[in-house]
């Protein structure tokens, strides 16, 4: 939790002035709404490293209701008050990601239980590890972690190197056998070309559900439907996501999960002063 | 822009496969909506350090419309495609904060031009410097940067040390003359006690506009209105913010600015391949 | 205590050659003079993290006499001998700051118990957190921690932007309500201007006690004496500090506390070889 | 100059409020006394990296007089005002070390031009590189940089392993041929034992000049005087240092150089506003 | 090139003593044998950042002969001599990896031009980025970069969770659609199970060429040969690698590439003293 | 063990998918050959810090046989599987260095028990601390750790400053009394000059055994043999090393120890699942 030092470049003026060293308290983190909780395991580990006892916590992925206890902590009062805000900032932000993901997953599964909702690389910098965990916790697919774990040929690549078919051949020839190759297209016909060239995944970017349907049909017609995963991205939201799944997408990916998390409120309350120095 | 390495722990597989070294391109960042742009100066500095020429950019605080150019960049194609996502993630997130801030500032100023909208310390960890800048750019008050630049006595402090008056006296006796002292209260009467003890700022937390009005009147009655700044916090949103200002708050602070930023969309487009190796 | 690695880029040649692994010793840090001890709590925490037991220590702020024990430690002999010098360097330097601060505080309080002695930002780079703590421990006022926690308009700002009144108005219009505003002046008349414009603190820089007195009187005459804190800085030393306080300064600030600490001598002595491997 | 961020955890409030971006200034660092200047080369390098032009500077080791220019800088006004204090803190502290070293070197050379003044490892943590450079600049001997570049058997080693002769044999048997071996003793007879066992350097710690003389004579008598360097340490100051040199010490080492540097005053003055944006 | 500081914790004693500041030299890196050169682009970038001009260099992947110039550099003599060893250590180590890789690739391609040689995760810690680049430069397949970019179920996983089929089903159900799934087996029959469960890659670990052949036949018989990539690992060396390829492996992976690189010798020679200060 | 994060930029996909949290296992590191084990103490410390119990380990410097247990570990299964590869990479690499060192030491000691085998600064960047430890563990001499702990005048220095005698005098005049001075020469006559000027060590670089013999005789003839250590370097290998020792070298140094370590194989095996969550 190196983030604490961002919040305390020198020291916590108020806490040091008011709380004597050696006071031990018990405090609870309370949920102020109904959410999917995320990353409590990771946060508990960090708290333990900081010398704070985590007496109990709700496991990642649990649904909590308004008023329920998310974490119960015991430790030095100065430490707990100093890290309170950083802990809550992380916990609420990540639970907001998980809760939003759950909303999308529920919508999608209601149409096709095998379809998936995936995050994108649109993530607030510095938190990717935890944000991707929160997506997973909410039932989502993490997608690429970074530019180093799969190939995705995007419009800007093609704007420079031109032709889709050549780009795909070039990538296939240099890619490790352990990495998948995806390509971003905007028309059903391009999806067919990509499938023919051996792309593992085809992403239809900024298209209508009708275009998705057309791509599915063209691929079936060519006997290529089972060769590729069809991902749809761009402009997906809770209102239109089901339509895309109905149109045949295997995966819908959206930055809503990570750039528009549910605003989660939780607070920390001191419940007991265990001992005074 | 150390955040790039989070997105590229090894290398950008696709870009390295497709784009030869030495290709120089020109690219633009395009706004896909109407927003207040934030932190373009800071981002331009970092891009220059990375060896990318920033040909032009819209200054922080400007309003951009859908389709307008936010930044124009020239540089090595590999570098530009590799940092594209990180750049856009930062720019859209921060502009989202500035845009949300502007909405609140406009609402507040329409009621009282001298009232202020302030951020809180509820900020995604790791980005505080830039997020606080974005708040300022949107016309907001940055409030405390951290626990080290002002005293704010909060409910959890009082839960441990008890009495408000004693806590305030203790803080006043040890605080540097250069730091202000604020106290969080939940009733008008406590605001009066705080003002009497020399608090610079009184924060009414989670109160109704009526309670704010009552605090203002009590303070006036005691001749203390000009001695303290009245801040209101807790549950403030765009619908109720004007009411609190009408009730007499000098400052309204809300985590909406930083934890519920407007979702901003911008994209990078290659506009020219300047030279090929 | 990351500073240890500066002292041991590879390993402690002598200790590794002479002391077998697994030897446990008890050692004491002995004061070789009469000093105010500083930062033993922080150092004890670090020692514990390094796996050394801190059996006892004199609390920060205590006066120790020649020959008395400042810390009593038990732990692996290799570790203790390796960190010995770094520990002593920190402890003696910081206690030197606290001891010097105490001298100034005693001088000032003998004239006016409500006047304060403050540190400046003249601090050896890298140690500001601990040095400011040591100032506090010695009874001093920490003043600004950094350029980010208060506004101080200095001569070089005015050399560029000109007029004091305009600068102050500009700063007042953008400063957060939570940050104080101070201005450095060199004449009594400027102090009055500053007070009228709402400066929280006026620093008279490099002036005579007579000029301080004149400023106090002018401010009283204008009914502004209670509106501002008067700080005096520049050329303050133990010989002249009382004069400045008598002249009416609320705060005297001096780099003597941090750039001319008392030279403190302490040594570490092995008192027992508890166990040999 | 990573130390700047310690002074500016967020941003320089005053400078950002008052100085518009794009203002270019010229400024000089002026000496307010007569000193040996140190480490201007290193600081100039860092300033250039920060984008500040170093128009001229006095080379390390030069004597400057009151009022003379130490560095002349040109650059962005915001940057220069933001780093002003950190630059001056480093420059004055290091020049104070060099100036103090020069005092000792002059004293020692007046007695014996081949005798040396050496620093110890008593150095404020975090600055060792620059402090050792400053000692060199002042004409001093840097001595060990760290625990990893030579063997020195000290009293605490002997307190654990016992016998001097055995310790020396053990060290000699494991030391690399490229590292020297020194031993700390408190009596002339021990110096003879050390020399016999092949120590490269013998340090007489906390002894009188008479004891030094006695050690020299004993060593001569045994035909060992040319086999070892005689270092004297402990309680050396400007008043007694010549006596130790007269007694026959090859090297005197003292923490006065680094823990009691001359208090140097320098200031930065804006001399020209070159351009405004 | 942060590695330089490991080689110079304080300063380069000899160079600073002998070479005055301001001397500019030209130097060449000469190959003392016939090798595949690796990572000259990355090293050239770092040298430029350090202020050294890279006048020319042999591109990564080139074959150099004994006596030929690998890099030609110009810059400050102190800087060049200080980084000489670190530069050569990196360049020779990485070229050794590329050269060894090329030997394996040549052997494999002589049998089957479509078969591949892959590195493993057995890599000296701290250098993975560059070592994987060197493998690629030598014509090898980089395989997984880390534990985060593909699933490989290994013997220790199975030792804990038991059954191969269950493990594979579990992994397939949680894996992102963008990541491949590989499984390590030791018998041909397990390869068939893995292929049936949808593994993308099957690694035959520590098996004979005969077993590889048997696995290929079983898979063909089941109509699964085209569904999986067959990787062989464990005990592969230059003598037996062709046999494994002949037996039908698509990929052979071996730690020989990265843990037994060819020992490459290169040296840096000063060819011109361009200017003296 | 910060190196783990290089291997797990996000998380260990497979382990997290297969192993539930809370499973505790016992595992052993098994040697697959006969080696000198190195740095088990350092690795055990790091493992303990990571929360893994080190139940037993073979001390650094021990000879292990094929099949014997090197370390026995108990801890969380997820953690152990995640760090397995990094642990083995370090342990095998460092043991390879120690084992190779031992081969050279045995060869040399069989000719002259007082002669030494030394490492050079040719070391894979980032691991110098541990690699030098491994050399020591194997019975070798660590030689210089870095450019900051002794003076060695090399050919490139002389290429710039010219004359050997002048260079040596210059270095002797500025070197600290605590640092040794070595010079690299290529002829017997130069060795004599170096010895006359007071070099502590003379390195004959890239010479024949005959030239070494000639240098020894010339030095004896001048009565200088005991004044200098004779080091031989360049092209030394296991076949020719004895010859150089027979010719009279005190020290032979070779990069074989660190750049051509024995390829060591060890593996980690799960021996018990202690508890399941």
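Chains as they are written, first to last, in the numbering used here: chain A, 1 to 277; chain G, 278 to 554; chain S, 555 to 831; chain F, 832 to 1108; chain Y, 1109 to 1385; chain Z, 1386 to 1662.
Backbone N, C-alpha and C define an ideal beta-carbon position, used for all residues, glycine too.
Every value quoted in this text rests on a predicted model; they were computed, and no experiment measured them.
A Cβ of chain Y is located within less than 7 Å of the beta carbon of residue 287 of chain G. Residues of chain S with a Cβ closer than 9 Å to the Cβ of residue 898 of chain F do not exist; the shortest Cβ-Cβ separation is about 16 Å. Around residue 912 of chain F, the same chain offers 846 as residues with beta carbons nearer than 6 Å, after the five sequence neighbours per side are excluded.
Between residue 362 of chain G and residue 78 of chain A a beta carbon distance of about 40 Å is seen, past the 8 Å cut, so the two are scored as non-contacting. Against chain Y, the CB of residue 1511 of chain Z has a partner CB under 7 Å away; the residue lies at that interface. Taking 3 residues as the minimum length, the beta strand (DSSP E) runs contained wholly in the segment 1211-1278 of chain Y are 1224-1226 and 1259-1261, in order along the chain. In terms of Cβ geometry, residue 1332 of chain Y and residue 1303 of chain Y form a close pair [threshold 7 Å]. Counting the other CB atoms within 10 Å of its CB gives residue 1518 of chain Z a total of 16 or more, which places it among the buried residues. Positions of the beta strand (DSSP E) runs, each at least 3 residues long and wholly inside the segment 309-363 of chain G, are given as 330-334 and 346-353 in order along the chain.
Taking 8 Å as the upper bound on Cβ-Cβ separation, chain G lies near residues 1149 of the segment 1139-1169 of chain Y.
Closest option to residue 1573 of chain Z, judged by alpha-carbon separation, among Z/1453, Z/1597 and Z/1392: Z/1597.
Where residue 1298 of chain Y is concerned, the enclosing alpha helix (DSSP H) starts and stops at 1296-1304. Residue 764 of chain S counts as exposed, since fewer than 16 other beta carbons sit within 10 angstroms of its beta carbon. Nearest neighbour of residue 1310 of chain Y by Cα position, chosen from Y/1270, Y/1269, Y/1261 and Y/1279, turns out to be Y/1261. By the neighbour-count criterion, in which a residue is buried when 16 or more other Cβ atoms sit within 10 angstroms of its Cβ, residue 433 of chain G is buried. Restricting attention to A/127, A/176 and A/137, the CA atom closest to the CA of residue 151 of chain A is found in A/176. With fewer than 16 neighbouring CB atoms inside 10 Å of its own CB, residue 169 of chain A falls in the exposed class.
The beta carbons of residue 493 of chain G and residue 394 of chain G sit no closer together than 7 Å. Per DSSP, residue 1050 of chain F lies in no beta strand (DSSP E); the unbroken alpha helix (DSSP H) holding it starts and ends at 1040-1052. Legend: CB atoms of the segment 697-723 of chain S lying less than 9 Å from CB atoms of chain A belong to residues 699, 700, 702 and 703. Within chain Z, 1395 have C-beta atoms less than 7 Å from the C-beta of residue 129 of chain A, given in sequence order. In this structure, residue 313 of chain G sits away from residue 392 of chain G, with a CB-CB distance that is not shorter than 7 Å.
Residues of the segment 213-239 of chain A whose Cβ lies closer than 7 Å to any Cβ of chain Y, in chain order: 229. Following the DSSP letters along the chain, one finds residue 1341 of chain Y inside the beta strand (DSSP E) bounded by residues 1337-1341. Per the coordinates, the alpha-carbon of residue 1280 of chain Y lies some 17 Å from the alpha-carbon of residue 227 of chain A.
Scanning chain Y for C-beta atoms nearer than 8 Å to the C-beta of residue 1404 of chain Z yields 1265, 1268 and 1269, reported in chain order. For the 7 Å CB-CB criterion, residue 343 of chain G and residue 373 of chain G do not form a contact. Residue 162 of chain A and residue 300 of chain G have their C-alpha atoms some 14 Å from each other. Straight through space, the alpha carbons of residue 366 of chain G and residue 283 of chain G are spaced by roughly 13 Å. When the beta-carbon positions are compared, residue 536 of chain G and residue 306 of chain G stay at least 7 Å from each other. Cβ proximity to chain S below 7 Å picks out nothing from the segment 1554-1568 of chain Z. Note that the C-beta distance between residue 1155 of chain Y and residue 1162 of chain Y is below 7 Å. In the same chain as residue 1468 of chain Z, and ignoring 5 residues on each side of it, the C-beta atoms closer than 6 Å to its own belong to 1389, in chain order.
Residues 1227, 1240, 1243 and 1244 of the same chain have their beta carbon placed closer than 7 Å to that of residue 1250 of chain Y, with the five preceding and five following residues left out of the count. Not flagged as an interface residue toward chain S: residue 895 of chain F, since no C-beta distance is shorter than 7 Å. The shortest CA-to-CA distance from residue 1267 of chain Y to any of Z/1448, Z/1410, Z/1398 and Z/1397 is the one to Z/1410.
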